[in-house]
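Chains as they are written, first to last, in the working numbering: chain A, 283 to 392; chain B, 4 to 307. Backbone N, C-alpha and C fix where the C-beta goes; we use that ideal spot for every residue, glycine too. Here the structure is a predicted model, which is why all the values come from computation and not from measurement.
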């Protein structure tokens, strides 16, 4: 419950504050958000599986974000930033879909 | 991501708790959670498929918590635990980043921000082309405008010249009044000895001396003017005029006066006929007698 509240508060705060995204962070933010979404879906699935652990969630969340940003950074340095970030998004999207499928099976039994 | 190699093991582990619900998670809480939580997405899903059916069959036998029940438990009642708080903080960050990104992406000025480089280049090219086309069009229109302006200037110039010519011709034809320096000549002919031919001689002499506009007693003298004798007086273009005959002449007075006064000239001839002739130079003479414009019946302009 508290977690859901945290998400809602975060969205509302982001919409209200509307901070200017620093130029340094700008290219990494979308990928980081997608990676974090992946982590959240993974965590939700783990919870439904009854194997949720907050420590794992924290680590996976942060490492996901960091690794995604790192990949984008590396891609930019190598000159393949666009392709690499597309790849990251594709991979993360597949994972999100599979996690969502598992969650669906738990929730709807279908 | 380093967990990939551990997936099989992980899958096994996940299967274990499903089939024997309670004991393994309690006995070994850390390990199993570490991986299955999210990284091994693909394999886990594949594994989950076949697994579900037996699992649910097992659930029917003894009631373990289903996913839905766990979800409901997690949401309600709200519990302030360390895990909840930490997850809340992380989700706050996620929501914040999400909202910020969405907001910055939907800014009106950043419609091009998300565009790819090729698209941007294409858009730029299109803009360049468009600019070029518009520039060409602008040049063409400007040229056209210039032409129109110059042609209208020419038309105005032509109109001005025509008006000027009309004035000049009007003075010649006697249809407009004229003014300028010149002379007046008054012929007092009390005895009625002055005849039309003498007046005609005077007019010819004046014309030869450069007279530009002449009127006699209110009758304009033009190219077609004729003088006739009618009794004691004289007719000019059919208008009878009586003495004294007053000539108003516009022209260079230094030429006109001597031309009249030369020995054996107009003045001497008239004086021989007992007439009194007075010639005066005047700075400003107004010749305001007018003639009607008469359209020629037969003659047509051959120009044009």
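Using DSSP's beta-bridge definition, name the partner residues of residue i.
i             : result
residue 232/B : 237/B
residue 191/B : 279/B
residue 250/B : 188/B, 219/B
residue 284/B : 186/B
residue 242/B : 239/B
residue 92/B  : Answer is none; residue 92/B lacks a bridge partner.
residue 181/B : 290/B
residue 224/B : 217/B
Can the beta-carbon of residue i be found closer than 7 Å to that of residue j?
i             : j             : result
residue 101/B : residue 315/A : yes
residue 107/B : residue 372/A : no
residue 91/B  : residue 285/A : yes
residue 252/B : residue 214/B : yes
residue 104/B : residue 311/A : yes
residue 176/B : residue 222/B : no
residue 94/B  : residue 361/A : no
residue 342/A : residue 354/A : no
residue 378/A : residue 323/A : yes
residue 290/B : residue 216/B : yes
residue 374/A : residue 318/A : no
residue 363/A : residue 73/B  : no
residue 268/B : residue 235/B : no
residue 357/A : residue 99/B  : no
residue 350/A : residue 313/A : yes
residue 178/B : residue 296/B : yes
residue 71/B  : residue 389/A : yes
residue 219/B : residue 250/B : yes
residue 174/B : residue 166/B : no
residue 126/B : residue 336/A : no
Return no unless some Cβ of chain B is closer than 7 Å to the Cβ of residue i.
i             : result
residue 309/A : no
residue 289/A : yes
residue 386/A : no
residue 353/A : no
residue 366/A : no
residue 295/A : yes
residue 284/A : yes
residue 315/A : yes
residue 357/A : no
residue 340/A : yes
residue 361/A : no
residue 306/A : no
residue 369/A : no
residue 389/A : yes
residue 348/A : no
residue 375/A : no
residue 318/A : yes
residue 372/A : no
Chain A beta carbons: is any one of them nearer than 7 Å to that of residue i?
i             : result
residue 87/B  : yes
residue 43/B  : Here residue 43/B scores only 42 on pLDDT, less than 50, and its place in the model is too uncertain to base an answer on.
residue 104/B : yes
residue 331/B : This structure gives no information on residue 331/B, because the portion of chain B shown stretches from 4 to 307.
residue 98/B  : yes
residue 125/B : no
residue 64/B  : Here the model assigns residue 64/B a pLDDT of 45, short of 50, so the residue's position is not dependable and the matter cannot be decided.
residue 71/B  : yes
residue 151/B : no
residue 101/B : yes
residue 94/B  : yes
Does the distance between the C-beta of residue i and the nearest non-hydrogen atom of the ligand NAP fall short of 6 Å?
i             : result
residue 237/B : Within the structure as shown, the ligand NAP is missing, as the structure has no ligands at all.
Self-check item: Sufficient close CB pairs (3 or more, under 8 Å) joining the segment 123-137 of chain B to the segment 315-334 of chain A
Solution: As far as the Cβ criterion goes, the segment 123-137 of chain B does not touch the segment 315-334 of chain A, which means the pair count is below three.
Quiz item: What residues in the segment 153-174 of chain B bring their beta carbon closer than 7 Å to a beta carbon of chain C?
Solution: The chain inventory of the structure shown lacks chain C, comprising the protein chains A and B.
Self-check item: Inter-stretch contact at 8 Å, needing at least 3 Cβ pairs: the segment 184-201 of chain B / the segment 278-287 of chain B
Solution: Touching, yes, given that three or more Cβ pairs across the two stretches are closer than 8 Å.
Quiz item: Are the segment 238-246 of chain B and the segment 217-229 of chain B touching by the rule of at least three beta carbon pairs closer than 8 Å?
Solution: Touching, yes, given that three or more Cβ pairs across the two stretches are closer than 8 Å.
Quiz item: Is it a yes or a no for the segment 283-290 of chain B touching the segment 172-188 of chain B, going by three-plus beta-carbon pairs under 8 Å?
Solution: Contact between the segment 283-290 of chain B and the segment 172-188 of chain B is present, because at least three Cβ pairs lie under 8 Å.
Quiz item: What are the start and end residues of each continuous beta strand (DSSP E) run of 3 or more residues lying completely inside the segment 286-348 of chain A, in chain order?
Solution: Runs found: none.
Practice problem: Would you be able to state if there are at least three C-beta pairs under 8 Å between the segment 255-273 of chain B and the segment 197-206 of chain B? | Solution: Contact holds: three or more Cβ-Cβ distances are below 8 Å.
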